[in-house]
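A.B. asks: Under full-length UniProt numbering, read the sequence shown as residues 1 to 318, first letter to last.
Even for Gly, the Cβ is constructed at its ideal location relative to N, Cα and C.
Treat the numbers as computed from the prediction; the structure is a model and nothing was measured.
The structure follows.
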Amino acid sequence: MRIMDLPLMILIEILSRLSIKPIFRCKTVCKLWYNLLSYDTLFANMYHTRSLKFPCIYLFDGVGKPSLLELKAEYNYYARHCNRPIQLTPEFHYPPGRVFLVGLCNGFTCFVNGSTNIEKHFVYISNPLLGEYFEVKLPEWEISVWRVTYGFCFSKASGKYKVLRFVARKVTKVSELEVYTLGVGEKWRNVGEISCPVWYDKFDKVNINGALHWMDSEKNDIIYFFDIETEKVKSLPAPPGLVTPPWNLKLVELGNYLCLTDYYNTSSTNIDIWWMKEYGVSESWTKEIILVDSVPRGMVHINFEPILMWKDGEILIQ
C-alpha cells in the first residue's frame, strides 16, 4: 500500500510524530500534505501535544537570522552535525527588518519592529511552522504617549491569543492597558488604567496558569499578572527578602511553575532560583541554589536566565 492510500487519520497520526525539519520538507510533497500540515486542527493539536515532551528553542539575537533548535531526548550538544538548528527565512517565516521578540505562545511568535517610544513601529504575529506572518494594526499614535510596551499571551480555556499594549504617558505615573484579541473584531480595547507603571520597554512576561506575569518596574516585592479570561490585572507577592532591583530579576516558567531568578551580583557564589510551588500562595516560594562552581569557566561573570526544565529536572540556562 502506498502512503497516499492510507486513511486520513492514520496519515495524521504518522505526520504528527515527525520533528520540525521533516515537517518543513513534507509540506512540499503535494497540495494535500501542505494543507494538512498547515491548516488541519487535528494535526495541530496532536503535534502540539507530542511536542511538549521535546521542547523547541527559538534562537534569535535581534540581528542575524533566527533559527529553531528542537531538543529530542537524545540531544547531544557536541554532536553538532546531527543537531543543527533550523534556520528560518526572512519574509517567509518572520517579518523583514530588525525585529525584537515580544513572546511565544503555543507555536506562535509576536515581534516588534522599531522603537516603541516613537510612532513608527510595527507589531507582527508569526507562525514559523506554517511560514506565514501578519501585521497587527496599531491604534493611532497620541502625542501624550511616552513609551509603549507589548505582551503576548494565550488562553488554554478559550483558545484565544491576545496582544497586550501597555501605554505609559508623559505626565502620569500610571499605565493604560489595551488588549487586541486575534481573530475577534480586529480592534484594540482599552481595559483601564493599571497602578503599576511600566517604565522600560523590554521586561520579562511569563505566560502561565491562564495569566501573563511581570515584575513591578520600581519595587521588587510584587509581581503583577493579567488574567487572560477576565482581563483584570492582579498581583502576587514576590519571594521575601530580595535586595536585587526588579529590572535585574528574571521571571521565568520552569516545569509549569512560576519562577524568579536572582543572579545580578557578579561576586556571588550561587544563582538563586525561587519556585512558587503552589500558585498564588506566598508561603510556597522555595529557593533552590545553583553553585557558580558548577558553571563552565568563562561563563561565571554574566547574567543567567533559565529557559526550561528538561530531562528529569535538568534546567537549561542561557
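Tell me where the alpha helix (DSSP H) around residue 13 begins and ends.
C.D. replies: Along the sequence shown, read from residue 1 onward, the residue named residue 13 stands at position 13. Looking at the DSSP string, the run of the alpha helix (DSSP H) that includes residue 13 is 8-15.
A.B. asks: Taking the alpha-carbon of residue 214 as reference, which of 179, 238, 255, 40 has the nearest alpha-carbon?
C.D. replies: Here residue 214 is taken as the residue at index 214 of the sequence shown, counted from 1. Of 179, 238, 255, 40, the residue nearest in Cα terms is 238.
A.B. asks: How is the alpha helix (DSSP H) around residue 31 delimited, first residue to last?
C.D. replies: If you number the sequence shown from 1, residue 31 lands on position 31. Unbroken alpha helix (DSSP H) run through residue 31: 31-39.
A.B. asks: List the endpoints of the continuous beta strand (DSSP E) containing residue 253.
C.D. replies: Here residue 253 is taken as the residue at index 253 of the sequence shown, counted from 1. It spans 250-254 - the beta strand (DSSP E) in which residue 253 sits, taken as one unbroken run.
A.B. asks: In the DSSP assignment, find the beta strand (DSSP E) that holds residue 272 and state where it starts and stops.
C.D. replies: As a working mapping, residue 272 is identified with position 272 in the sequence shown. Start and end: 270-276.
A.B. asks: Taking the DSSP output, what are the residues bridged to residue 168?
C.D. replies: By 1-based counting over the sequence shown, the position of residue 168 is 168. 147, 175.
A.B. asks: Let's see if you can read the secondary structure: which residues bound the beta strand (DSSP E) around residue 315?
C.D. replies: Sequence index remark: in the sequence shown, residue 315 carries index 315 (1-based). Per DSSP, residue 315 belongs to the beta strand (DSSP E) from 314-317.
A.B. asks: Count the C-beta pairs between the stretch 247-261 and the stretch 274-283 that are closer than 8 Å, then say yes if the count reaches three, no if not.
C.D. replies: These segments touch.
A.B. asks: If we count the other Cβ atoms within 10 Å of its Cβ and call it buried at 16 or more, is residue 12 buried or exposed?
C.D. replies: Mapped onto the sequence shown, residue 12 falls at position 12. It is buried - the Cβ of residue 12 has at least 16 other Cβ atoms within 10 Å.
A.B. asks: Closest by CA to residue 251, which one among 125, 234, 243, 208?
C.D. replies: The residue labelled residue 251 in the question sits at position 251 within the sequence shown. For the residues 125, 234, 243, 208, the minimum Cα distance to residue 251 belongs to 208.
A.B. asks: If you follow the beta strand (DSSP E) that residue 189 is in, where does it begin and where does it stop?
C.D. replies: Position 189 of the sequence shown, counted from the start, is the residue given in the question as residue 189. Start and end: 188-194.
A.B. asks: Just checking my contact of residue 124 with residue 134 at CB under 8 Å: how many whole Å lie between their CB atoms?
C.D. replies: Indexing the sequence shown from 1 puts residue 124 at position 124. Indexing the sequence shown from 1 puts residue 134 at position 134. Indeed they touch by this definition, with Cβ atoms about 7 Å apart.
A.B. asks: Residue 214 lies in the beta strand (DSSP E); which residues open and close that run?
C.D. replies: Numbered from its first residue, the sequence shown carries residue 214 at position 214. Element bounds for residue 214: 211-215.
A.B. asks: If I measure Cβ to Cβ from residue 121 and keep anything under 7 Å in the same chain, skipping five residues before and after, which residues do I get?
C.D. replies: The residue labelled residue 121 in the question sits at position 121 within the sequence shown. Taken in chain order, the residues that qualify are 112, 113, 114, 115.
A.B. asks: If the criterion is Cβ atoms closer than 8 Å, does the pair residue 241 and residue 228 meet it?
C.D. replies: By 1-based counting over the sequence shown, the position of residue 241 is 241. By 1-based counting over the sequence shown, the position of residue 228 is 228. Their beta carbons are not under 8 Å apart, which means residue 241 does not touch residue 228 by this criterion.
A.B. asks: Compare the Cα-Cα distances from residue 147 to each of 167, 157, 155 and report the closest residue.
C.D. replies: Locating residue 147 in the sequence shown gives position 147, where the first residue counts as 1. Closest option to residue 147, Cα to Cα, is 167.
A.B. asks: Looking only at C-alpha atoms, which of 100, 164, 260, 143 sits nearest to residue 222?
C.D. replies: Stepping through the sequence shown from its first residue, residue 222 is reached at position 222. The shortest Cα separation from residue 222 among 100, 164, 260, 143 belongs to 260.
A.B. asks: If residue 177 sits next to residue 160, beta carbons under 8 Å apart, how far is it from one beta carbon to the other, in whole angstroms?
C.D. replies: Your numbering for residue 177 matches position 177 in the sequence shown. Your numbering for residue 160 matches position 160 in the sequence shown. So it is not a contact: roughly 16 Å between Cβ atoms.
A.B. asks: Of the residues 236, 145, 128, 46, which one's Cα is nearest the Cα of residue 282?
C.D. replies: Reading the sequence shown from its first residue, position 282 is the one you call residue 282. Minimum Cα distance to residue 282 is reached at 236.
A.B. asks: For residue 16, collect the residues of the same chain with a Cβ closer than 7 Å to its Cβ; drop the 5 residues on either side in sequence, then sort them by chain order.
C.D. replies: Counting from one through the sequence shown, the residue named residue 16 turns up at place 16. The answer, listed in chain order, is 43, 46, 47, 50.
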